[in-house]
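K.L.:
Once you know that position 548 of the sequence shown is 547 in numbering that gives the first Met the number 0, the rest is easy, because the numbers rise by one and skip nothing. C-beta atoms are modelled at their ideal positions from N, C-alpha and C, and glycine is treated no differently. Please read through the structure below; I'll follow up with questions.
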Amino acid sequence: MEDKIQAELLDHIRLLHLEHEAEIKFFEINIASKSLNEKRDLGVCWHPVVVKDQGFSIGDYAYLLVERTKDIDKVHQFKAGNVVSVGIWKMGSKKDTIKGVIDYIHKNKMKIILYSKDLPEWISDGGIGVDLLIDERTFREMEFSTKQVMNADPKSRLAHLRNVLMGYKEAQSNINTIFHPGQLQGLNQAQINAIQKVNCSSDVTVIHGPPGTGKTTTLVHAIKYLLDQNRLLKILVCAPSNTATDLLTTRLSRHHLHVTRIGNLSRIDEDLMNHTLDGQISNHPDHKQIKKVRIEAAQARREAQKHHRTMDQFKRAERNMMKQEAKILGNWAKELEDKLVNQILDSSQIICCTLMGSTSSYIQDRFFDYVFIDESGQALEGAIWIAIRKAHHVVLSGDPLQLPPTVKSIEAAQQGLGISLLEKYMSRSSISELLNIQYRMNTMIMGFSNAYFYNNQLIAAPQVAHRTLAFFGDEPLVFIDTAGCGFEEESLDGTSSRFNSGEYFILREHIYQLIESFGDHPIPSVSIISPYKEQIEYIRNELIKDELLSKVMPIKVSTIDGFQGQEGDIIYISLVRSNPMCDIGFLNDYRRMNVAITRAKLKLVVIGDSATLGQDVFYSQFIDYCQELGVYHSAWEWMVKL
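Shown next, in the form of structure tokens:
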């Protein structure tokens, strides 16, 4: 068994190296080698930016709050947690630079925590820009954690959890554990069963949450139930992304639990900020003293740096005294802050962070009774091991039939890097709790996904099963076939992404009809999603130019990947692919389509070319499903205005 464990984890490390190499190569070719204007167009550079605020964050690191003054509201690739470079662009090249990590982004503002205790002197010189960098630390942490798991003491708790998750031991539970289902009001039986399994588990529980089944709700109630039974429990809650982690923090805080969010933030919300470690420190009476000492330390460091090398011995002695004073003040501020941080974390029942955030120095020596990992099917195995090292019990939640972890290396993907630990465990063990009642979709919208992916185990809750739009007909699902219309896909030079202007025309005409049917009544939310970034860019640009659509209602436009975990009243899907070779590209990842067709609450409109898509078994079955329901339409019905 030990040899097999070693071999499997060593192979995972090998695949991580392949992925890292692919990341580096991608960055060098597609980002590092580009000019300033090209980087701006790609959304990997903000330039110019102005400094709106500066100061010191927890840990005595300097921060900058910058705002871009060009390309306002333009789509970009920055997100909380990204590593960036801040520097001055002169004569087309970057001069002085300093690295940092994005704390949060809100519209055109970005807060960056610098990898420095001092602000650079050139920060007020102008011409400053922010560039996206490759994140080396994530790969280092995944490799380090995987090695720790691999070499764990055979008698340790970590080794036991590893052996269960890798299929060499059965998950254990204590059926005699007292359970009070009456405390779980408003939940369905499947959700209650899942919480009971968490309560009785001795090591690992898996909650399989298909779309709309309320897995986040189940997790939150499971955590609350555990704490109601034992207020002294310490629980760590993680997710792969900042957005998912923020959502968990918000939902848990509504139950009046003491939650502390550590790490980067993906959005600014006053209620959420009050639960962050930064926010709790800032609101503490002792913070003013810490801030005062830190400012004095920074001033002493700046004074010490002013003196030139040619100074006499008296000036040199004065500089050394200032350096010593800065060091003493800095150490004092750190001691005060460390004490305050420990006080806050000791009193917290729940700590929320991303998987990478669990490497934070603030919790590096802390272990938890339970570690809950949401959206675990979207995380690389190495990232999951990072958090599991801190666990006594593990709860994995997710759906291996939705989007898998993102993998750039084709070679690594072909060899299994994109198979999550959740998917591996569920293939090795029959022990998982399926949440089988979904609260999002009409039965017709749910039907195809339910049959193809979930063996018809899902049930639409009564309140949504037959829910439709009050106006605009009673078809919750529509497939519009563009076959024969001449709407072939297009691609820009030098890109592999595709767009289809004809599909957008049909989509737009359909939305016009939608608006007309509602008259003066409020229109439900409308979202447009597509597998291809180029189509998203094309649609966004067209919407800006459309006076009617840009004024009547806000329309959210996103890739399928970007819309994971979200929902909307009316969802349009533009599939794009239309070509004589019947090549569907990465549409053959059916899990991506499972995500797409399960986002709509009231109406789902799918636009595609049956001549291209119909050669694939999955899409052929979907088109047949629409025809059987009588919701198949030809795009010619909307061609009169072309």
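Looking at C-alpha atoms only, which residue of Asp337, Leu64, Ala390 is the closest neighbour of Tyr103?
P.N.:
Looking up residue 103 in the sequence shown gives position 104. Closest option to Tyr103, Cα to Cα, is Leu64.
K.L.:
Is Gln437 helix, strand or coil by DSSP?
P.N.:
In the sequence shown, counting from the first residue as 1, residue 437 sits at position 438. Gln437 falls in the strand class under three-state DSSP.
K.L.:
Along the chain, where does the alpha helix (DSSP H) containing Gln462 start, and where does it finish?
P.N.:
For the purposes of this step, residue 462 is taken as residue 463 along the sequence shown, with counting starting at 1. Segment 461-464, the alpha helix (DSSP H) holding Gln462.
K.L.:
Do the CB positions of His220 and Leu186 come within less than 8 Å of each other?
P.N.:
As a position in the sequence shown, residue 220 is number 221, starting the count at 1. As a position in the sequence shown, residue 186 is number 187, starting the count at 1. Yes, the pair counts as a contact, with Cβ atoms nearer than the cut-off.
K.L.:
Taking 8 Å as the threshold (C-beta atoms), are Asn241 and Asn263 in contact?
P.N.:
For the purposes of this step, residue 263 is taken as residue 264 along the sequence shown, with counting starting at 1. For the purposes of this step, residue 241 is taken as residue 242 along the sequence shown, with counting starting at 1. In this structure, Asn241 lies closer than 8 Å to Asn263 by Cβ.
K.L.:
Does the region 345-361 touch the region 236-253, meaning 3 or more C-beta pairs lie closer than 8 Å?
P.N.:
yes
K.L.:
Identify whether Leu251 lies in helix, strand or coil by the three-state DSSP scheme.
P.N.:
Within the sequence shown, residue 251 is the residue found at index 252, counting from 1. Helix.
K.L.:
State the DSSP-derived secondary structure class of Ile372, mapped to helix, strand or coil.
P.N.:
Mapped onto the sequence shown, residue 372 falls at position 373. Strand.
K.L.:
Can you give me the Cβ contacts of Thr558 inside the same chain, cut-off strictly under 8 Å, excluding the 5 residues immediately before and after it?
P.N.:
The residue given as residue 558 occupies position 559 in the sequence shown. For Thr558, where only same-chain residues beyond five positions count, the Cβ hits under 8 Å are Ile528, Ser529, Pro530, Tyr531, Lys532, Ile535.
K.L.:
What would DSSP say about Ile505, mapped onto helix, strand or coil?
P.N.:
Your numbering for residue 505 matches position 506 in the sequence shown. Looking at Ile505 - three-state DSSP - the assignment turns out to be helix.
K.L.:
Based on Cα-Cα distance, which residue from Glu515, Leu468, Glu627, Glu636 lies nearest to Ile606?
P.N.:
Position 607 of the sequence shown, counted from the start, is the residue given in the question as residue 606. The shortest Cα separation from Ile606 among Glu515, Leu468, Glu627, Glu636 belongs to Glu636.
K.L.:
So, under 8 Å CB-CB, Leu644 and Phe371 are touching, yes? Tell me the CB distance rounded to an integer number of Å.
P.N.:
The question about residue 644 has no answer here: the residues shown for the chain are numbered 0 through 641.
K.L.:
Where do the N-terminal and C-terminal ends of the beta strand (DSSP E) with Cys237 fall, by residue?
P.N.:
Position 238 of the sequence shown holds residue 237. From DSSP, the beta strand (DSSP E) with Cys237 extends over 234-238.
K.L.:
Got a sec, what are the start and stop residues for the beta strand (DSSP E) Phe66 sits in?
P.N.:
In the sequence shown, counting from the first residue as 1, residue 66 sits at position 67. For clarity, residue 66 is Glu in the given sequence; the question names Phe instead. First-last of the beta strand (DSSP E) with Glu66: 61-67.
K.L.:
So, at 7 Å on beta carbons, what are the nonlocal neighbours of Phe447 in its own chain, with the 5 sequence-adjacent residues on each side left out?
P.N.:
Counting from one through the sequence shown, the residue named residue 447 turns up at place 448. Contacts found: Ile596, Phe621, Tyr624.
K.L.:
Please tell me whether Ile554 and Leu548 are closer than 8 Å, where the distance is taken between their beta carbons.
P.N.:
Stepping through the sequence shown from its first residue, residue 554 is reached at position 555. Stepping through the sequence shown from its first residue, residue 548 is reached at position 549. In contact: Ile554 and Leu548 (Cβ atoms closer than 8 Å).
K.L.:
Give the range of the alpha helix (DSSP H) segment to which His283 is assigned.
P.N.:
By one-based count along the sequence shown, residue 283 stands at place 284. No alpha helix (DSSP H) holds His283; DSSP gives it neither H nor E.
K.L.:
Could you pull the start and end residues of the alpha helix (DSSP H) that Arg13 belongs to?
P.N.:
The count along the sequence shown starts at 1 and reaches residue 13 at position 14. Start and end: 1-26.
K.L.:
Which partner residues of Arg260 appear in the DSSP bridge assignment?
P.N.:
By 1-based counting over the sequence shown, the position of residue 260 is 261. Bridge partners of Arg260: Thr275, Cys351.
K.L.:
Provide the residue span of the beta strand (DSSP E) that contains Cys44, from first to last.
P.N.:
Against the sequence shown, residue 44 aligns to sequence position 45. Segment 44-55, the beta strand (DSSP E) holding Cys44.
K.L.:
What are the boundary residues of the alpha helix (DSSP H) that Val551 is part of?
P.N.:
In the sequence shown, the residue the question calls residue 551 occupies position 552. First-last of the alpha helix (DSSP H) with Val551: 546-551.
K.L.:
Tell me Val602's beta-bridge partners as DSSP assigns them.
P.N.:
Mapped onto the sequence shown, residue 602 falls at position 603. Strictly speaking, residue 602 in this sequence is Lys, with Val absent from that position. According to DSSP, which records beta bridges pairwise, Lys602 is partnered with Ile569.
K.L.:
By the three-class DSSP mapping on this structure, what secondary structure does Thr611 have?
P.N.:
Position 612 of the sequence shown, counted from the first residue, corresponds to residue 611. DSSP places Thr611 within a helical segment (H, G or I) once states are collapsed to three.
K.L.:
Just checking, does the region 29-46 make contact with the region 112-131 on the three C-beta pairs under 8 Å criterion?
P.N.:
yes
K.L.:
Would you kindly work out how many angstroms separate the C-alpha atoms of His19 and Glu140, rounded to a whole number?
P.N.:
Taking the sequence shown and counting its residues from 1, one reaches residue 19 at position 20. Taking the sequence shown and counting its residues from 1, one reaches residue 140 at position 141. So the two alpha carbons sit approximately 12 Å from each other.
K.L.:
Asn435 to Phe55, Cα distance in whole Å?
P.N.:
Sequence index remark: in the sequence shown, residue 435 carries index 436 (1-based). Sequence index remark: in the sequence shown, residue 55 carries index 56 (1-based). A direct Cα-Cα distance of roughly 48 Å separates Asn435 from Phe55.
K.L.:
Taking a contact to mean a Cβ-Cβ separation below 8 Å, would you say Leu433 touches Gln456 in this structure?
P.N.:
On the sequence shown, position 434 is the one that residue 433 refers to. On the sequence shown, position 457 is the one that residue 456 refers to. Going by C-beta atoms, Leu433 is nearer than 8 Å to Gln456.
K.L.:
Over what stretch of residues does the alpha helix (DSSP H) that includes Phe554 continue unbroken?
P.N.:
Counting from 1 along the sequence shown, the entry for residue 554 is found at position 555. Going by the sequence as given, residue 554 is Ile instead of Phe. Per DSSP, Ile554 lies in no alpha helix (DSSP H); the unbroken beta strand (DSSP E) holding it starts and ends at 554-558.
K.L.:
Could you pull out every residue in the same chain whose Cβ sits closer than 8 Å to the Cβ of Ser32, ignoring the five residues on either side in sequence?
P.N.:
In the sequence shown, residue 32 corresponds to position 33, counting from 1. Nothing listed; no residue qualifies.
K.L.:
Roughly how many angstroms separate the alpha carbons of Met165 and Gly417, rounded to a whole number?
P.N.:
What you label residue 165 is simply residue 166 of the sequence shown in a count that begins at 1. What you label residue 417 is simply residue 418 of the sequence shown in a count that begins at 1. Using only the alpha carbons, I get a separation of about 16 Å.
K.L.:
Under DSSP, the beta strand (DSSP E) around Asp480 begins and ends at which residues?
P.N.:
Locating residue 480 in the sequence shown gives position 481, where the first residue counts as 1. Start and end: 476-480.
K.L.:
From His257 to Tyr114, what does the alpha carbon distance come to, in whole angstroms?
P.N.:
For the purposes of this step, residue 257 is identified with residue 258 of the sequence shown, where counting begins at 1. For the purposes of this step, residue 114 is identified with residue 115 of the sequence shown, where counting begins at 1. If I take the Cα positions, the gap works out to 30 Å.
K.L.:
Near Asp227, what residues of its chain come up, given a Cβ to Cβ distance below 7 Å and the 5 sequence neighbours on each side ignored?
P.N.:
Here the question's residue 227 lines up with position 228 in the sequence shown. Here the set comprises Gln182.
K.L.:
Between which two residues does the alpha helix (DSSP H) holding Tyr424 run?
P.N.:
Here residue 424 is taken as the residue at index 425 of the sequence shown, counted from 1. According to the DSSP assignment, Tyr424 belongs to the alpha helix (DSSP H) that extends over 420-427.
K.L.:
Quick one, are the C-beta atoms of Ile570 and Arg576 less than 8 Å apart?
P.N.:
Along the sequence shown, read from residue 1 onward, the residue named residue 570 stands at position 571. Along the sequence shown, read from residue 1 onward, the residue named residue 576 stands at position 577. No, they are not a contact pair.
K.L.:
Grab me the residues of Leu379's own chain with a C-beta within less than 6 Å of its C-beta, minus the 5 sequence neighbours each way, in chain order.
P.N.:
Here residue 379 is taken as the residue at index 380 of the sequence shown, counted from 1. If we look at Leu379 and ignore the five residues flanking it on each side, its Cβ neighbours are Pro404.
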